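Okay, so the sequence shown: first residue is 88 according to our numbering, each after it adds one.
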Amino acid sequence: MKSFIETQFPVSKVSKESYKERKAGGGQTLTGLGKWWGRKPLILVRAAILGLLMPTSDNPLKDREIFLKILTMDDEGMWLRKKSNIPVKEIAEHLTLREKDMWLPADSTNTKLSFKPGLTREQKNDIQKLVFNRLTYDQKLNYTFRPEQIDSRNPELWNKINSHLGTNASDIQELMKELGEREFGHAPKVGDCFCGGGSVPFEAARIGCDVFGSDLNPVATLLTWAGLNIIGGGDDVVEQVHETQKEIYEAVDEQISEWGIEHNEQGWRADAYLYCVEVVCPECGWKVPLAPSWIIGKTHYNSFFGLNISSFFQ
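1. Do L148 and S90 have their CB atoms nearer than 8 Å?
2. Within 8 Å, do at least three Cβ pairs link the stretch 112-121 to the stretch 217-224?
3. Determine the contact status of L158 and A193, defining contact as a CB-CB distance below 8 Å.
4. On the premise that G319 lies in contact with R293, defined as a C-beta separation below 8 Å, what is that separation, rounded to the nearest angstrom?
5. For S344, does the three-state DSSP call read helix, strand or coil?
6. M165: buried (16+ other C-beta within 10 angstroms of its C-beta) or exposed?
7. Secondary structure at H181, three-state DSSP: helix, strand or coil?
8. Give a yes or no on whether the C-beta atoms belonging to L310 and G121 are separated by under 8 Å.
9. Are the stretch 246-266 and the stretch 282-298 in contact at 8 Å, needing three or more beta carbon pairs?
10. Give me the DSSP bridge partner(s) of S82.
11. Determine the burial state of Y230: buried for a count of at least 16 other Cβ atoms within 10 Å of its Cβ, exposed for fewer.
12. Just to confirm before moving on: does the CB-CB distance between F232 and K187 stay below 8 Å?
13. May I ask you to report which of helix, strand or coil DSSP gives G113?
14. With a Cβ-Cβ cutoff of 8 Å, do P128 and E108 count as a contact?
15. To the nearest angstrom, how far is it from the Cα of T143 to the Cα of W190?
16. Verify whether the separation of the beta carbon atoms of M160 and P234 is less than 8 Å.
17. Run through DSSP, which three-state label would Q401 get?
18. I need the DSSP call for F232, collapsed to helix, strand or coil.
19. Would D215 and I173 be called neighbours here (beta carbons separated by less than 8 Å)?
20. CB V277 to CB A256, shorter than 8 Å?
21. What are the boundary residues of the beta strand (DSSP E) that includes F271?
22. With F154 and L167 assumed to form a contact (beta carbons below 8 Å), what rounded beta-carbon distance in angstroms separates them?
23. Just verifying my parser: in three-state terms, what is the DSSP assignment at E365?
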């Protein structure tokens, strides 16, 4: 029997979810551990592993529906992921004339548009859901969490998944284990011999696979280890790391203050040091800094910096 990824794959939706994850910047799960180039989006890893393990049936449309349902990328899953309300002004753009008459005031061109008085919270929520389902996939992504940010252990959701796949899972970890045991006789094992930033081992472990990762670059090895053991270690491990970091910071701060290497005669402490190369003019002997600009930041309009330009290096 072929696996799902051998017959089809929702490239467009997975690409859009990957883009949303990468655009999260510092809000991504692993990037806070350290810089790494070419990180693989975690949702892409999850989709690829699921596609490799999920069997196909004689109904390709149903297979695709279940695949998207597992990843909370179907209509029900997107509603489950919804994090913020759609502005009433945008809602108005997706209502029929009859619906506008029922729910919006006569002057629907008002920039501060609101619902008609008297609508209950349940009615407003129903309107939100009605319009949400009319949005394109790209538009929905503006109002949703990423799949990894929600708890998808919804009994109704998993009843539909289990009915199609013949499994008895209540979350994606149990599903991966069942599919692996059915295919290989044990939980799925995922290996990445050039793991880089650790996206593949981390996401594979998070969805219930046994993982192996290696890399020739020691930075990559450390990032992968940290992803599995610090971020993957749970709240207790994160708290221990935070306390250790705090102790180290305080010890270093105390030592630097004692040495006085970051303070001037007035006791002011430097926040940062900017270094540039200097050259000596052969005609006059002046040292000229090779700095294209002394602008520190263009966005901090209300901030002021005291600069002290010194020549320490000979």
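The beta carbon of each residue, even a glycine, is placed where N, CA and C say it ideally should be.
Since this is a predicted model, take the numbers as computed values, not measurements.
With the given structure in hand:
1. Contact flag unset, no.
2. Contact between the stretch 217-224 and the stretch 112-121 is absent: fewer than 3 CB-CB pairs across the two stretches fall below 8 Å.
3. No, the pair does not count as a contact, with Cβ atoms beyond the cut-off.
4. In this structure R293 touches G319 by the C-beta definition: roughly 7 Å separates them, less than 8 Å.
5. In this structure, S344 counts as helix in the three-state DSSP scheme.
6. With 16 or more neighbouring CB atoms inside 10 Å of its own CB, M165 falls in the buried class.
7. It is coil, neither helix nor strand.
8. Contact flag set, yes.
9. With the cut-off at 8 Å, the stretch 246-266 and the stretch 282-298 touch.
10. In this structure the chain extends from 88 to 401, so residue 82 is not present and cannot be described.
11. The residue is buried, with at least 16 neighbouring Cβ atoms inside 10 Å.
12. No, Cβ-Cβ distance for F232 and K187 is not below 8 Å.
13. Note: G113 maps to helix in three-state DSSP.
14. At a Cβ-Cβ threshold of 8 Å, P128 and E108 count as neighbours.
15. Taking the straight line joining both Cα atoms gives about 45 Å.
16. In contact: M160 and P234 (Cβ atoms closer than 8 Å).
17. Because Q401 carries a pLDDT of 46, less than 50, the predicted location of this residue cannot be relied on, and the following value inherits that uncertainty. In the structure shown, the three-state DSSP call for Q401 is coil.
18. Coil, per DSSP.
19. Looking at the sequence provided, one finds Gln at residue 215 rather than Asp. Yes, these two residues count as a Cβ contact at 8 Å.
20. Contact: no.
21. Run containing F271: none in the beta strand (DSSP E); it sits in the alpha helix (DSSP H), 259-271.
22. A Cβ-Cβ distance of about 16 Å is found for the pair F154 and L167, leaving them out of contact under the 8 Å criterion.
23. Three-state result, E365: strand.
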